[in-house]
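Engineer: This structure is in structure tokens; I'll ask about it shortly.
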Amino acid sequence: MPKLNADTIVSTELECLTCVLETTPECSSPVGELFRLMKDVAPTLPGPSGHFTPYGRVYVDSGHVELGMCECRSPYMLPLIVERQQNVIAKALAKMAEGGVRLLLANNNHSGLLQQGCPVWGSHENYLVDAHPKKWGDLILPFLVSRIYGGAGGIEFPSGAFLAGVRPICMELTTGGSTTYNRSIHSTSREEHHMGRAPRRFRYHLILGDGHRSHFNIMLQFAATTLAVKAAVFDRKLKQELTSLGYSNSNSWVGMLKEFNVLQAPGRELRIHPQVVPTQRVYLDAAHRYVDSLDESPSWMREALHDWEETLSAMERLDRDWLSARLDAFAKYEYYSAVLHDADSSWSNLPRDASLFNELALLDHSYHDFSDPESVFTMLESEGLLDHRVGPVVLPGEEPEPFVPETGTRATARARFIKEHAGQEQFLVDWSSVADREQRRTMRIDDPFADQYDEWSEPRPQPELGEGSTPTLAELQETLRRARRRTASS
């Protein structure tokens with residue numbers, strides 16, 4: 002049994018719909034141009050793939066741009082980091098557009114109509130956990146299938162059903178699985194621990210949730226999940242209370258997930274499945290017991306318990322105004338309802354109107370386009386229809402220590418290093434290390450809560466290339482980099 006503690010870390014990875022809208026003959030790689038212009042907006046250093054900014058990593062994965070956010074101790078900090086990273090990208094995209102190259106990036110989870118076989122992308126969640134995820138899977142499954150606020154809303158084609166989330170329809174298995182096929186509700190496909198070579202804590206990598214624009218939505222999803230996992234590990238009453246609700250290992254979890262995920266069935270009224278809130282309340286109560294058992298708890302935990310309670314109460318009374326001001330799925334539902342009304346149509350007529358389906362799909366893309374100052378989400382916020390912010394607006398570089406966000410994790414030390422060495426491309430940054438390719442040395446930071454790096458390792462000797470020997474890829478890359486530097490300076 003792990004020792005009771007209040008240690009938490011959260012982060013997220015956002016796979017983006019990536020579309021070149023316009024380019025020029027001179028631009029051979031719009032994404033490469035994005036990486037180049039990012040350096041004019043914020044400090045950057047190269048990573049094993051892509052580039053690191055003070056807020057995380059930006060890279061290409063399987064043909065799409067992906068944003069990996071840095072580690073945060075508080076779920077209330079995470080949406081602020083997401084916004085700053087997206088702001089860096091948006092400024093670089095605006096510079097690209099001035100040169101005639103337009104690239105669309107949106108953190109929604111599907112392209113076009115939401116139907117069988119459509120392109121899909123993930124929004125992955127990372128949690129520092131105290132025990133191997135395989136040990137408490139049965140205790141977290143009821144929470145996950147009832148976590149409808151993990152979704153950002155979607156319209157199923159051709160039925161017209163309005164869903165709480167897109168990702169739940171991609172789930173095929175209960176546990177195990179992979180991130181691109183045989184996807185699982187309780188994913189154990191990426192369980193690497195955060196603490197280097199000491200396997201005392203693990204990474205819980207969830208692939209169930211959607212990409213969000215609402216800061217409250219991001220915070221709630223990560224805060225409630227963090228506390229629910231803590232309860233699954235430390236609360237002794239949780240299993241009994243879940244049994245009293247009828248949950249057992251014999252449940253059809255995938256079927257239950259998809260049943261709970263429907264907010265409005267075709268021809269029906271908007272509703273929340275009656276089992277969702279009671280299930281969530283079991284975890285909320287267990288989270289209260291966990292927090293009460295701590296000698297000292299972080300201030301965010303009490304605040305999150307309050308926000309979780311407020312959300313469940315609003316769901317119980319189906320307070321559409323409250324929910325649509327804070328949760329993406331409900332904000333979309335109300336906006337789409339208004340669009341249908343203005344078109345003299347309705348949800349019940351939608352399955353018979355292909356043009357409206359297409360219009361709503363484009364509006365969904367717009368909602369998630371974080372680089373567009375005229376996106377649906379930005380419009381709703383500017384008109385005062387959203388109450389989603391969980392902290393002050395801080396633009397990149399406006400932190401007390403510019404470009405060094407105070408995350409309570411090793412990410413702060415990483416950001417400081419990136420800022421101090423920006424443009425010095427002999428440094429290769431990764432999540433837990435920095436490699437100096439010129440001096441052939443490495444500096445590590447394995448402890449996710451560390452505030453500074455370890456000392457540099459001793460430089461490795463440069464191998465001599467004798468007759469018949471073959472240079473390594475790194476040596477060839479270094480030779481090419483030096484040649485380019487000499488050419489540029491001549």
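Everything in the sequence shown is counted per our numbering, starting at 2 for the first residue and increasing by one.
Heads up, the beta-carbon is just placed ideally off N, CA and C, and yes, glycines get one too.
Predicted model, so just to flag it, every value in this text is computed and none were measured.
Within the region 112-169, note down every full beta strand (DSSP E) run reaching 3 residues or more, in order along the chain.
Structural biologist: For the region 112-169, whole beta strand (DSSP E) runs of length 3 or above, ordered along the chain, are 124-130.
Engineer: Is it the case that the Cβ atoms of ARG445 and ARG461 are separated by a distance below 8 Å?
Structural biologist: Within the sequence shown, the letter at position 444 stands for residue 445. Within the sequence shown, the letter at position 460 stands for residue 461. Taking 8 Å as the Cβ cut-off, ARG445 and ARG461 do not qualify as a contacting pair.
Engineer: Could you round the C-beta distance between VAL523 and ASN110 to whole angstroms and report it? I think they count as a contact, below 8 Å.
Structural biologist: Limits of the chain in this structure are 2 at one end and 491 at the other, which puts residue 523 out of reach.
Engineer: Which value, in whole angstroms, describes the spacing of the CA atoms of LEU140 and ALA233?
Structural biologist: Locating residue 140 in the sequence shown gives position 139, counting from the first residue. Locating residue 233 in the sequence shown gives position 232, counting from the first residue. About 6 Å.
Engineer: Go ahead and label ARG318 buried or exposed: buried means 16 or more other beta carbons lie within 10 angstroms of its beta carbon, across all protein chains shown.
Structural biologist: Counting from 1 along the sequence shown, the entry for residue 318 is found at position 317. Label assigned to ARG318: exposed.
Engineer: What are the partner residues of GLY177, as DSSP defines its beta bridges?
Structural biologist: Taking the sequence shown and counting its residues from 1, the one referred to as residue 177 is at position 176. Answer is SER188, bridged to GLY177.
Engineer: Going by DSSP in three states, CYS17 sits in which element: helix, strand or coil?
Structural biologist: For the purposes of this step, residue 17 is taken as residue 16 along the sequence shown, with counting starting at 1. Three-state result, CYS17: coil.
Engineer: Excluding sequence positions up to five away, which residues of its chain have a Cβ less than 6 Å from the Cβ of GLU16?
Structural biologist: For this step, residue 16 is matched to residue 15 along the sequence shown. Once the five neighbours on either side are set aside, the close Cβ partners of GLU16 are HIS65, GLU67, TRP122, GLY123.
Engineer: What separation, rounded to the nearest whole angstrom, lies between the Cα atoms of ILE149 and LEU35?
Structural biologist: For the purposes of this step, residue 149 is identified with residue 148 of the sequence shown, where counting begins at 1. For the purposes of this step, residue 35 is identified with residue 34 of the sequence shown, where counting begins at 1. C-alpha separation (whole angstroms): 34 Å.
Engineer: Where do the ends of the alpha helix (DSSP H) carrying PHE331 lie?
Structural biologist: Here residue 331 corresponds to residue number 330 of the sequence shown, with the count starting at 1. Per DSSP, PHE331 belongs to the alpha helix (DSSP H) from 329-343.
Engineer: Determine the burial state of ASN262: buried for a count of at least 16 other Cβ atoms within 10 Å of its Cβ, exposed for fewer.
Structural biologist: The count along the sequence shown starts at 1 and reaches residue 262 at position 261. Looking at its Cβ environment, which holds 16 or more other Cβ atoms inside 10 Å, ASN262 is buried.
Engineer: Mind checking TYR334: buried by the 16 CB within 10 Å criterion, or exposed?
Structural biologist: Here residue 334 corresponds to residue number 333 of the sequence shown, with the count starting at 1. Buried is the call here.
Engineer: Just to confirm my understanding: we take LEU79, look at its own chain, exclude 5 residues before and 5 after, and list those with CB closer than 8 Å. What are they?
Structural biologist: Counted from its first residue, the sequence shown places residue 79 at position 78. So the qualifying residues of the chain are VAL11, SER12, THR13, MET70, CYS73, ILE219, MET220, PHE223.
Engineer: Just how far apart, CA to CA, sit ASP365 and LYS238?
Structural biologist: If you number the sequence shown from 1, residue 365 lands on position 364. If you number the sequence shown from 1, residue 238 lands on position 237. Going by the C-alpha atoms only, they are around 41 Å apart.
Engineer: Should the region 409-422 be regarded as contacting the region 45-59, the criterion being three or more beta carbon pairs within less than 8 Å?
Structural biologist: These segments touch.
Engineer: Find the nearest neighbour of HIS125 within the set LEU363, TYR205, THR54, judged by alpha-carbon distance.
Structural biologist: By one-based count along the sequence shown, residue 125 stands at place 124. Cα-wise, what sits closest to HIS125 is TYR205.
Engineer: Would you mind working out which of GLY409, ASN6, THR410, TRP457 sits nearest PHE428, comparing C-alpha positions?
Structural biologist: Here the question's residue 428 lines up with position 427 in the sequence shown. For PHE428, the nearest C-alpha among the options comes from TRP457.
Engineer: Out of GLU459, GLU260, THR176, which has the shortest C-alpha to C-alpha gap to HIS274?
Structural biologist: Taking the sequence shown and counting its residues from 1, one reaches residue 274 at position 273. Ranking GLU459, GLU260, THR176 by Cα distance to HIS274 puts GLU260 first.
Engineer: Excluding the 5 residues flanking SER185 on each side, which residues of the same chain have their C-beta closer than 7 Å to its C-beta?
Structural biologist: Here residue 185 corresponds to residue number 184 of the sequence shown, with the count starting at 1. Around SER185: MET172, LEU174, THR175, THR176, GLY177, GLY178.
Engineer: Quick check on DSSP: helix, strand or coil for ALA7?
Structural biologist: The residue labelled residue 7 in the question sits at position 6 within the sequence shown. Looking at ALA7 - three-state DSSP - the assignment turns out to be coil, as it is neither helix nor strand.
Engineer: Just to confirm before moving on: does the CB-CB distance between ALA344 and LEU381 stay below 8 Å?
Structural biologist: For the purposes of this step, residue 344 is identified with residue 343 of the sequence shown, where counting begins at 1. For the purposes of this step, residue 381 is identified with residue 380 of the sequence shown, where counting begins at 1. No, the Cβ-Cβ distance between ALA344 and LEU381 is not below 8 Å.
Engineer: Taking THR379 as part of the alpha helix (DSSP H), name the residues at either end of that continuous run.
Structural biologist: What you label residue 379 is simply residue 378 of the sequence shown in a count that begins at 1. Looking at the DSSP string, the run of the alpha helix (DSSP H) that includes THR379 is 377-383.
Engineer: Would you please state the rounded distance, in angstroms, between the beta carbons of ASP327 and ASP388? I believe it to be under 8 Å.
Structural biologist: The sequence position of residue 327 within the sequence shown is 326, counting from 1. The sequence position of residue 388 within the sequence shown is 387, counting from 1. Residue identity check: residue 327 is Arg in the sequence provided, not Asp. So it is a contact: roughly 6 Å between Cβ atoms.
Engineer: Along the alpha helix (DSSP H) that carries ARG492, what are the first and last residues, could you check?
Structural biologist: Limits of the chain in this structure are 2 at one end and 491 at the other, which puts residue 492 out of reach.
Engineer: My assumption, with CB atoms under 8 Å, is that LEU18 sits in contact with ALA95. Please give the rounded CB distance.
Structural biologist: Residue numbering aside, residue 18 sits at position 17 when the sequence shown is read from its first letter. Residue numbering aside, residue 95 sits at position 94 when the sequence shown is read from its first letter. At roughly 18 Å, the Cβ-Cβ gap does not stay under 8 Å, so LEU18 and ALA95 are not in contact.
Engineer: Using CA coordinates, which residue listed in VAL435, GLY256, ALA7 is at the minimum distance from ALA414?
Structural biologist: Numbered from 1 along the sequence shown, position 413 holds the residue referred to as residue 414. Closest option to ALA414, Cα to Cα, is VAL435.
Engineer: Can you give the Cα-Cα distance for ARG201 and ALA132, rounded to whole angstroms?
Structural biologist: Numbered from 1 along the sequence shown, position 200 holds the residue referred to as residue 201. Numbered from 1 along the sequence shown, position 131 holds the residue referred to as residue 132. Each residue's Cα considered, the two are about 8 Å apart.
Engineer: Count the other CB atoms, across all protein chains shown, that sit within 10 Å of the CB of TYR337; report buried if there are 16 or more and exposed otherwise.
Structural biologist: Residue mapping note: residue 337 aligns to position 336 of the sequence shown, counting from 1. Burial call: buried.
Engineer: Contact defined as beta carbons within less than 8 Å: I believe ASP448 pairs with ARG411. What is the distance between those atoms, to the nearest angstrom?
Structural biologist: As a working note, residue 448 is residue 447 in the sequence shown. As a working note, residue 411 is residue 410 in the sequence shown. At roughly 7 Å, the Cβ-Cβ gap stays under 8 Å, so ASP448 and ARG411 are in contact.
Engineer: In the structure shown, what three-state DSSP assignment does ARG204 receive?
Structural biologist: Indexing the sequence shown from 1 puts residue 204 at position 203. DSSP places ARG204 in strand when its eight states are reduced to three.
Engineer: Residues in the same chain with beta-carbon distance under 7 Å from THR9, minus the five sequence neighbours each way, listed in chain order, please.
Structural biologist: Stepping through the sequence shown from its first residue, residue 9 is reached at position 8. Excluding positions up to five away in sequence, the list reads ARG74, LEU129, THR227.
Engineer: On the criterion of 16 or more Cβ atoms from any shown chain inside 10 Å, does SER325 qualify as buried, or is it exposed?
Structural biologist: Translated into positions along the sequence shown, residue 325 becomes position 324. Under this definition SER325 is a buried residue.
Engineer: Suppose you measure from the CA of LEU264 to the CA of PRO55; what does that come to, to the nearest Å?
Structural biologist: Here the question's residue 264 lines up with position 263 in the sequence shown. Here the question's residue 55 lines up with position 54 in the sequence shown. Spanning the two alpha carbons is a distance of roughly 38 Å.
Engineer: Name the two residues that bound the continuous beta strand (DSSP E) containing TYR60.
Structural biologist: Residue mapping note: residue 60 aligns to position 59 of the sequence shown, counting from 1. Looking at the DSSP string, the run of the beta strand (DSSP E) that includes TYR60 is 57-62.
Engineer: Just the Cα atoms here: how many angstroms apart are GLY469 and GLN463?
Structural biologist: Residue 469 sits at position 468 when you count from the first residue of the sequence shown. Residue 463 sits at position 462 when you count from the first residue of the sequence shown. Low confidence applies to GLY469: its pLDDT is 49, below 50, so where it sits in the model is not reliable enough to give any reading.
Engineer: Using a Cβ cut-off of 8 Å (strictly closer), state whether LYS92 contacts chain B.
Structural biologist: In the structure shown, chain B does not exist; there is a single protein chain.
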